[in-house]
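Residue numbers (our numbering): 22 to 56.
Don't be surprised by glycine CBs; every beta carbon is placed ideally from N, CA and C.
Down below is the structure, laid out as structure tokens.
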């Protein structure tokens, strides 16, 4: 098992989903930016 590779792929996947969800919503971006 290559946990490190899986971890990186998973993080990349999460980052992609996160970007897709956050990019289109400026309100959410501002919310996160404040924090």
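As assigned by DSSP and simplified to three states, the class of residue i
| i | result |
| --- | --- |
| residue 47 | helix |
Inter-residue spacing [alpha-carbon to alpha-carbon] between residue i and residue j
| i | j | result |
| --- | --- | --- |
| residue 33 | residue 51 | 23 angstroms |
| residue 54 | residue 24 | 32 angstroms |
| residue 36 | residue 47 | 17 angstroms |
| residue 28 | residue 42 | 21 angstroms |
| residue 38 | residue 26 | 18 angstroms |
| residue 30 | residue 49 | 25 angstroms |
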